[in-house]
Structure formats: structure tokens, C-alpha cells
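Residue numbers (my numbering), protein chains in the order written: chain A, 1 to 183; chain B, 184 to 638. Ideal placement from N, C-alpha and C gives every residue a C-beta, glycine not left out. Every value quoted in this text rests on a predicted model; they were computed, and no experiment measured them.
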Amino acid sequence: MKSLKVLSIILGTVFFLSCSQSLDFDQIDGYTVSPSIAAPLVFFTIDAANFTTTVAGAPIVTELTEISDFKLFESGFIKQNVVQLDFEFEVNNEFNRDITTEISLLDENNNLIYKFRDLEINKNNLDFKQKEIINVVTNQNIINFTKVKLTLSLDDKNTPIAASDLSKIQFKSAIIIYLEADL
Amino acid sequence: MRRYTWILVFFLGLNSFSQNKQVLYDFAGLPQTLLLNPAIETNYQFHIGMPLLSGVSSELGITGFSVSDIFGVNSNSITEKVAAVLKNIDPRDYLKINSQIEVFSAGFRFDEKTYVSFGFYHELDAVGYIPKDFLTLATDGNATYLNRMFNLSQLSYKLDVLGVIHAGVTRKVSDQLTLGGRFKIYSSALNAESTSNSGTFTTNLGNNNIYVHHLDNINTNFRTSGLIENNEYINDPSTYLKNTFLGGNLGVGLDFGLTYLITPQLQFSGSILDVGFVNHKTNIKNTVTKGSFTFEGITFEFDESNVDYWKELETAFKEQLPNTENNESYVSWRPAKLNAAVKYSFGEKRSKYCYDNTSKEFYTDAFGAQLYAVFRPLSEQFALTGFYEKSISNKLHAKVTYTIDDYSYYNIGLGVSAQIWKINFYGILDNIAALSDISSANNISLQFGFNFIFN
């Protein structure tokens, strides 16, 4: 019995002395992550061949258009938690011609969701940059875009580009997606 | 509630890994010390462990941070606290949990020199390294980390739930030397592991476009056994329990040990445990991703061919970085453990009653040093322990340890063993210095049990 008493005293003392500082597990409700995801979008390089045609009598090519699916918001997580989108565009225009690029975001049925400010690039501008910030709270429809439409046109529609012109237009674009998500 | 359950799983379940039982090792001739070194000398005729209560042990360990660093109440928000923890941790930091329950144990003296012990225990054993790069990417994204390589090799974890049937022999070879061995049959109820992953994710400023993503040399393998049957998770706990006893995923292992009396007062002992493996072949689901992929955006062709750029991108991604599932069997090695100890006995000489109606002299005091090592997926873990053991009476023994390990440099453990009639009880608590603030502790463990011991 003496052994039992000693054992009880030792264990009792150890457990009696144990404690923990104040913890609040409810804090987890206030935890948010705010990642910003950078991703490349569309890019291309075009030259005089894109503006010339071999078909006799065909009209002068002064405008190029392309549409592509861009299903960034297929992920439910991104769609539900995106708060801001930054679009960045960079253009290198070696031609001695002013150009304008129109970029639109469309939904599945090709309805317009958002149209960016036109990219107006002067001739021989080798360092054109434009950034557009979209607040998703004030543009909630933006998350429904699934396609990108881009139209690049020569401002002067009457003067064709010579096939021998070696100049190029290089276009780059990117997006930064800002998210805010609770656990 | 579900959220708290996940938090609990994260902190308690993610990382089970073998437990250092430095207080229990070679303590008071307890039957459970035979599981740490099958060559520890015992002096009783036979023993029977109290079913489910003969050996209960549990350990939780975290390196790099503590629970209070995140959930402590202060002026910082939890988001700030998590960010601070994430900044300070190292990819070699880990979470671990180990829990063992002896369902049944017993032993008997075969002859004057030989003691046979056997039993069956359940073990939950897991370790998970903290994938700092992966968490940084998830919480901050890549935009502010251009040119930084996020390394997938940091993703490494192993979770085992298994039953172990074992039988061992302790044989006194000479007056100085005792040898021991134990054979184990592992029956895995659940295994989930992903180790030896490789590959990097990097975002750079590009040449053709503003950014370019590189997924280089990706090679990941997520394995599970016993978790998924016919593409559905097994939700019935009784299935897991049933599979701990000779279920479909079996393995074998061995323990070896020796005890050598250098002088009547100076003893060396050592053991290597769980040298074995489990062959997983039932209810397997493995997910393998292998390849490299570079993404710099979608290239517009303007050639009026109506190319489906997005579909081309998806196809190229799947071809270059395929994600495949299979049901191939695999071998999972048990985490081998190494114990070594030097013990010097001194003090008053006393006699204790032994199994053969003789008495054996022993010293009331002992001190020494122990080394423990466990071999993990990323690296080995070592612990160095100094100890002092005191026999307060023939029936009451105590042991105090001081351990230096990954968790702290001041881990003090305390154990007591008492025998009343034929009933032995032992209780062991590790890291008692942390009891004044458990939430700030990096490691806490306890062991207790009841045995019937007959001389």
C-alpha cells in the first residue's frame, strides 16, 4: 500500500502541475489565404505575310482576328474566391504603321462580358505596355468569361503592307489572379 | 465541427512515426521492455498483460513550431501567425504521431536460461514532413516568387495503421551475455504514403511571352492500400479493425537484441527493431505523375484554320505530364529503430525473489546513457538520453531521463513502476518540463500499463 501511495503522489503531482496557455481554436474561422497567381495568356509574332494575300483581286488585309477558349474559371475554387484580375499587355511594333488591338472577353455563347481599353500602338513603338485592373466585386460578371477575342488592325486601311517588309509585331499578355479564401 | 476534425487529423493523424521510449527502455524488468530489446533479462516465471491495458503508449511530436504559435491568444491575427510559422519552418520539419495498444501479451520461462514472450498489438504510426514550398505556393501564390523553384521533393509522408503478431525468445548465453530475437507478422489495415518525389515548378519572365511556367522532371507517386475498394473509400471502421489481424496486406519483421555485462556493475545493451516490410497487394490505389511541361501561353496563328487552342493545350499537358492510376502491389518498409545503452549500477545491494525460488542481488541505483535512432523517409532521427534509475523498494522503481532530440534540449522524462501482489503498474511521462505549457511543447508522450507477474 505504501508503494501505491507514493505512486499516487508522484503521478498526481505531475498531472496537477500540467497546464496550457490560453488557446483559441475558433481563430481558424478568421484564417484567410491571399495568393496571387501569375500566368501567361496569349502571345504571337506576326509579319508582313499575315497582311498579304496571294488571291488575285482579294481585298487588302488590314485586320486579323482570333478567338480561343480560355477556361480559367473552370476551377470552382478560383471562380468562388477571385477578387481582382490584373491583365498585362506588351507589344513590340516594328512596322512603320500605327496599329490598334481590341481584346474582348466572351462567354460560352460569344456574348460580350468585358472589353478592354483598346491597345493603340504607334508605329515603331518597341516598348508598348498597358495594364488593366479589374475589380471582381464591381465586375462580377467577369468570372463568366470562357473565351478571348483579339482583333489587331492597321489604322490606315487603305495602304497595304508590302510583302517585302521584314518588320514584325510581337504581342505578349499575362494575367495575375488575386484570390482571397477562407479555410 | 468537421473543420475541427480536420485540424485534429492534421495535428494528430498526419504524422505517426516510431516512438522513442527512452524511459521504458530497460526499466524495472517490465515485460514491455522486451519489445524494445528482446535481450533484456527478466526474473519472473511468467507474465500476462492485462488485455488492452498492458501497454498503452502515445506520442505527438512537432518540429519547427508548436500549437500555441498558431492558436495562442495575442494581438496577431491567425493569418499573420501562420505566415510567421511558414517563414520560420524548414522543409525537414515534420509532424508525427505514434500510438500503440497491446491487445494481448504474455510470456513464460521455457527453461532456466530462456524466456519466451508473445502478443499482439495495434499501432498507428505516421510522419509527414512539412512541404514548405507547397504551402508557400498555396498561401502566397507564384506572382511574388518569380524565378523561385518550388520543390516537390518536400512532399513526403507515411501513415500506417497495422496489427502486429509477435513472438520472441530471450536466451541467457553466458553469465555475461544475453541474446534475444523477435519475429513479427505485420497486418496492415491502412497505408498511405508518398516518398521519394521529385520535380520543380518555376515561373520565370519569358522571352516569347511575359511569363513562362516550367514543370521540370516531375515524378510523384501517391500510394494507398486498404483505403479504397472498388473506387470507393472504405468508411466502415470495423473493416480497418478486422484487417489488423491477418488481413490482406501482410509483412514480416525481426527484432534483435543483446545485453552484455562488462563487469557485474557495468552493462551494455543494444537492439535493432522492426527490420521488415509489408507487402501491400489488396485494395491498392496508386496515382503516378511523371514528365515535364513548359507553358508560356497560347500562340495565336491567325491562319483561319479554326484551331482549338485550349484543347491542344490540354492534350499537350496530358501527354507530357500524364497522371495515371494503377492497382500495382508495392512494398513498404517499416521504420527500423536502433537502441543502444550503457548502464552503471551502484548503491545498496539488495536481494529479490526470482522464478526459481532463489534470490538475485541487485543494486538500488543506476545511471547511464542511451542512444536512439529511427530511419525515416527523408532523414534519420536521433535522440541521446542520460538517465538515473532508483529502486525505492523491491516493489517500487523510478527512472528519470534527460533527452536531447529534434524537439528540445531539455526533455525530462519520469517513470514509475510499482507491484502490488501480482499486479504490476507502470506509468511514464515524457517531457514533463513542458507540462507547465503543453501547447508550447514540441513533443509529448506517455506510456502506461498493467501486467500480472508471477515469480
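As a quick exercise: from L362(B), F366(B), T386(B) and A309(B), pick the residue whose alpha carbon is nearest that of M332(B). T386(B)
Taking CB distances under 7 Å as the criterion, tell me whether V256(B) reaches chain A. yes
Please state whether the Cβ-Cβ distance between A326(B) and I176(A) is less than 7 Å. yes
Since T246(B) contacts Y590(B) with CB under 8 Å, what's their CB separation in whole angstroms? 6 Å
Ignoring anything shorter than 3 residues, give me the beta strand (DSSP E) runs that lie fully in the stretch 559 to 603 of chain B, in order along the chain. 563 to 574, 579 to 587 and 594 to 603
Assuming P40(A) is part of the beta strand (DSSP E), what are its boundary residues? S36 to D47
How long is the line joining the alpha carbons of D276(B) and I313(B), rounded to whole angstroms? 6 Å
Which bits of chain A does T322(B) rub up against, with CB to CB less than 7 Å? V33 and P35
What's the C-alpha gap between N50(A) and D86(A)? 30 Å
Beta-carbon of E66(A) versus every beta-carbon of chain B: anything under 7 Å? yes
List the residues of chain B whose Cβ lies closer than 7 Å to the Cβ of F70(A), in chain order. W493
Between S103(A) and V148(A), what straight-line distance do the alpha-carbon atoms span, to the nearest angstrom? Per the sequence shown, the amino acid found at residue 103(A) is Ile instead of Ser. Cα-Cα distance, rounded: 7 Å.
Cβ contact check for the stretch 346 to 362 of chain B and the stretch 287 to 299 of chain B: 3 or more pairs under 8 Å: yes
With 16 other CB atoms within 10 Å as the buried threshold, where does Q80(A) fall? exposed
I284(B) CB to nearest chain A CB: under 7 Å? no
Start-to-end residues for the alpha helix (DSSP H) that takes in C271(B): In the sequence on display, residue 271(B) carries Asn and not Cys. Unbroken alpha helix (DSSP H) run through N271(B): I261 to N271.
Apply the 10 Å Cβ neighbour rule to V286(B) and answer buried if 16 or more other Cβ atoms are within range, or exposed otherwise. buried
Measuring only between beta-carbons, confirm whether N50(A) sits less than 7 Å from chain B. yes
How is A321(B) classed by DSSP in three states: helix, strand or coil? helix
Who does V61(A) pair with in a DSSP beta bridge? None; V61(A) has no bridge partner.
Residue range of the unbroken alpha helix (DSSP H) whose run includes K341(B): That residue, K341(B), is in no alpha helix (DSSP H); its beta strand (DSSP E) goes Y340 to K355.
Could you tell me whether the stretch 506 to 515 of chain B touches the stretch 453 to 462 of chain B, using the rule of 3 or more Cβ pairs below 8 Å? yes
Check for me: the beta strand (DSSP E) holding Q630(B) runs from which residue to which? N626 to F637
List, in order along the chain, the chain A residues whose C-beta lies closer than 8 Å to that of E479(B)? P40 and F43
With DSSP run on the structure shown, which of helix, strand or coil describes I611(B)? strand
Beta-ladder partner(s) of Q448(B), from DSSP: DSSP, once it has assigned bridges, lists no residue as partnering Q448(B).
Helix or strand or just coil, what does DSSP make of D438(B)? strand
Collapsed DSSP secondary structure at K296(B) in the structure displayed: coil
Would you say the beta carbon of Y423(B) comes nearer than 6 Å to a heavy atom of the ligand PLP? Among the ligands in the structure shown, none appear at all, so the ligand PLP cannot be discussed.
Quick one: what's W516(B) bridged to in DSSP? F460(B)
Name the two residues that bound the continuous beta strand (DSSP E) containing Q130(A). F128 to N135
C-beta neighbour in chain A for A267(B), strict 7 Å: no
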